[in-house]
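Notes to accompany the following structure.
Number of protein chains: 4
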Amino acid sequence: MPRVSKAIPLHEAFDGTLGLVFDPTAPDEVCAVVEVRDGLCNPFGIVHGGVYSSIAESVATASTIYRVHSDDRRSAIGSTNHTSLLRPISEGATHASGRVLHAGRTSWTWDVEFRDNERRLCATCRVTVAIRGYTSPPAADGSHDEPA
Amino acid sequence: MPRVSKAIPLHEAFDGTLGLVFDPTAPDEVCAVVEVRDGLCNPFGIVHGGVYSSIAESVATASTIYRVHSDDRRSAIGSTNHTSLLRPISEGATHASGRVLHAGRTSWTWDVEFRDNERRLCATCRVTVAIRGYTSPPAADGSHDEPA
Amino acid sequence: MPRVSKAIPLHEAFDGTLGLVFDPTAPDEVCAVVEVRDGLCNPFGIVHGGVYSSIAESVATASTIYRVHSDDRRSAIGSTNHTSLLRPISEGATHASGRVLHAGRTSWTWDVEFRDNERRLCATCRVTVAIRGYTSPPAADGSHDEPA
Amino acid sequence: MPRVSKAIPLHEAFDGTLGLVFDPTAPDEVCAVVEVRDGLCNPFGIVHGGVYSSIAESVATASTIYRVHSDDRRSAIGSTNHTSLLRPISEGATHASGRVLHAGRTSWTWDVEFRDNERRLCATCRVTVAIRGYTSPPAADGSHDEPA
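Residue numbers (the numbering used here), protein chains in the order written: chain Z, 1 to 148; chain F, 1001 to 1148; chain Y, 2001 to 2148; chain R, 3001 to 3148.
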């Protein structure tokens, strides 16, 4: 885990704001669900595009951190996030499922798909997560990617 | 504005959840600010990557809708969002400034930059917004991009 | 097909420069192959990252044009292309396979994966293709996305 | 420079295939030009979208390698490339100009803009380049991002 000056309980952090709930029963993918509510929508009543990017970032980054920290105490931090909005959701829930495309020494690449309650594909995100050594945490010197 | 079954007041929608405040005094760019608070951070106390994507989506989409609706009553909806995370923010505020790179008949492309209180570049997003005719609103048939 | 002042035979166009060969036998995906040669590599002898973006653009755009033109004489043109480079290829061939994630009225979204001769995933591209009516061809007024 | 089994002269590599010519006179940006010819176009006679991604990849990666190798003998390799196609070019030349948005210890982020002979913005690319230590070259173990 990165060295931090501050640790925020998950339910008080942005995941809590989103109402993100991970599903521990999915064997091969990382699954999570968010219930639609007004506070996650745009003014026209459909889920805000940024909500998909946000969930994808959490799914990909948290899972990478968990895996690389368990393995050899490295950490990870989001690098790039490319989101395609395909079909709006205005009620029910959005169901995210993430799978790793590439697990490298210095970066991991994820696909995170979003479906509505009818299982229709509504958005898809490709997230690249940078891997950091335990001795070079992202928060140490105020930089995601420590300057040279 | 798109035909909608439901209109949510801005402060009760996702922009309100983020605490997004637009700065109407910027002449050539669309500027907005969000104060950092625990509920927008990851558990390590830095602003969650999805917050940048979300603000960028709002800045680009709201501004495009406003402009094309004023001009000829068309609407707009987010299509793709590419976010690069460069430097974390753990306190103060994140200041967004958006500028249009391309204003076409069927799509607009935006750059949205994020700086901390010391004006350091912390993230940058490229957002493509699809333009829709007033008669083909995004919410009408349940699709961002109406199926053929 | 778009109205054009000039039609270039495929083998004299960029697909010919790349040596791109489509495989008509794949039933559910669009498959194509390019043999590695020095003229497609960077100076270090590995396939240039732009080659993957280029093949993906051809696979996604050509297939979309073919489908929408057959259906109702619309056309299509590339909008955004997001490429992730995962593992270099220095010999043999790169095998592309593309599948449609979303086929909308105004845009199509594709995933194109690249594998080496050992079937290892080496790159992956997400391509968004904009659909155009036959009466508003991309080349007509000098714009991919006709200005307002 | 990465350890390689093979070094290809630049004019015989993909840059030569594209006809990419760097302009050494630009002080603050990395500038390059490619003359339009049939072999770089799609069958409709406009510059193929992949050509922009390819030039951007070369501009960003070559410049990063040059800088980090001069500084401390590290190397660099392309990670992600996000290209937005805005306006087609069918004759003359495409003029690329690249500027660094972020120069970190482990990644650099670039913007590369493309203009036609009339200086109109025709495409724009955001490229993330991963920095590698001299002792972990990209070609050493057959991986862009060396597997764990």
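Beta carbons: idealized from backbone N, C-alpha and C, even for Gly.
Quantities reported herein were computed from a predicted structural model and do not represent experimental measurements.
Bridge partner(s) assigned by DSSP for residue i
i	result
CYS125(Z)	THR83(Z) and VAL112(Z)
VAL3036(R)	None; VAL3036(R) has no bridge partner.
HIS3048(R)	In the DSSP output, where bridge partners are listed per residue, HIS3048(R) has none listed.
ALA2130(Y)	ILE2077(Y) and SER2107(Y)
PHE2022(Y)	ALA2032(Y)
ARG1099(F)	ASP1111(F)
ALA2093(Y)	GLU2035(Y)
Beta-carbon spacing of residue i, residue j below 8 angstroms
i	j	result
ALA2064(Y)	THR3083(R)	Note on identity: in this sequence residue 2064(Y) is Thr, with Ala being the wrong assignment. Cβ distance not < 8 angstroms, so THR2064(Y) and THR3083(R) don't count as in contact.
PHE3014(R)	SER3053(R)	no
LEU10(Z)	PRO1009(F)	no
GLU12(Z)	GLY1039(F)	yes
SER1058(F)	GLY50(Z)	yes
Min CB distance residue i to chain Z below 8 angstroms
i	result
TYR1070(F)	Sequence check: residue 1070(F) is Ser here, not Tyr. Not an interface residue.
SER1054(F)	yes
HIS1048(F)	yes
THR3061(R)	no
PRO1043(F)	yes
Closer than 8 angstroms to chain R by CB, residue i
i	result
ASN2117(Y)	no
GLU2057(Y)	yes
THR64(Z)	no
THR2106(Y)	no
ALA148(Z)	With a pLDDT of only 41 at ALA148(Z), under the threshold of 50, the placement of this residue in the model should not be trusted; the figure read from the coordinates follows. For ALA148(Z), the answer is yes, since a Cβ of chain R falls inside 8 angstroms of its Cβ.
THR1094(F)	no
LEU1020(F)	no
GLY2039(Y)	yes
VAL2051(Y)	yes
THR2025(Y)	no
Selection from the options that minimises the alpha carbon distance to residue i
i	options	result
ILE1046(F)	CYS1122(F), PRO1088(F) and ALA1130(F)	PRO1088(F)
ARG1074(F)	VAL1030(F), THR1106(F) and ASP1038(F)	THR1106(F)
VAL30(Z)	ARG132(Z), SER53(Z), THR61(Z) and HIS69(Z)	THR61(Z)
ARG1037(F)	PRO1024(F), GLY1050(F), LEU1018(F) and GLY1049(F)	LEU1018(F)
ALA76(Z)	GLY133(Z), LYS6(Z), GLY16(Z) and GLU12(Z)	GLY133(Z)
ALA1007(F)	PRO27(Z), SER70(Z), ALA7(Z) and CYS41(Z)	CYS41(Z)
Cβ-based neighbour list, residue i, same chain, cut-off 8 angstroms, excluding 5 preceding and 5 following
i	result
LEU121(Z)	LEU86, ARG87, GLU113, PHE114 and ARG115
THR2109(Y)	VAL2100, LEU2101, HIS2102, ARG2126, VAL2127, THR2128 and VAL2129
VAL21(Z)	ALA32, VAL33 and VAL34
HIS3048(R)	LEU3040, CYS3041 and ASN3042
GLY3104(R)	ILE3131
ALA26(Z)	SER97
SER3090(R)	VAL3036, CYS3041, GLY3045, ILE3046 and VAL3047
CB contact below 8 angstroms: residue i versus chain Y
i	result
ILE3008(R)	yes
SER84(Z)	yes
HIS102(Z)	yes
THR1124(F)	no
SER1090(F)	no
THR3109(R)	no
CB contact below 8 angstroms: residue i versus chain F
i	result
HIS2011(Y)	no
ALA2076(Y)	no
THR3128(R)	yes
SER97(Z)	no
PHE14(Z)	yes
LEU3121(R)	yes
ARG132(Z)	no
Spatial neighbours of residue i in its chain, beta-carbon cut-off 6 angstroms, leaving aside the 5 residues before and after
i	result
ALA1056(F)	VAL1112, CYS1125 and VAL1127
SER2097(Y)	GLU2029, CYS2031 and GLU2113
HIS3095(R)	VAL3033 and ARG3115
Contact set for residue i: own chain, Cβ-Cβ below 7 angstroms, skip 5 residues either direction
i	result
ALA2123(Y)	TYR2052, THR2083, SER2084, LEU2085, LEU2086 and PHE2114
ASN117(Z)	GLY92 and ALA93
GLY3142(R)	Any reading at GLY3142(R) must be qualified, since the residue scores a pLDDT of 44, below 50, and its modelled position is unreliable; the value itself is stated next. None.
ASP23(Z)	CYS31, ALA32 and VAL33
Check: residue i C-beta below 7 angstroms from any heavy atom of the ligand FAD
i	result
SER58(Z)	By its list of ligands, the structure shown contains no ligand whatsoever, and the ligand FAD lies outside what it can speak to.
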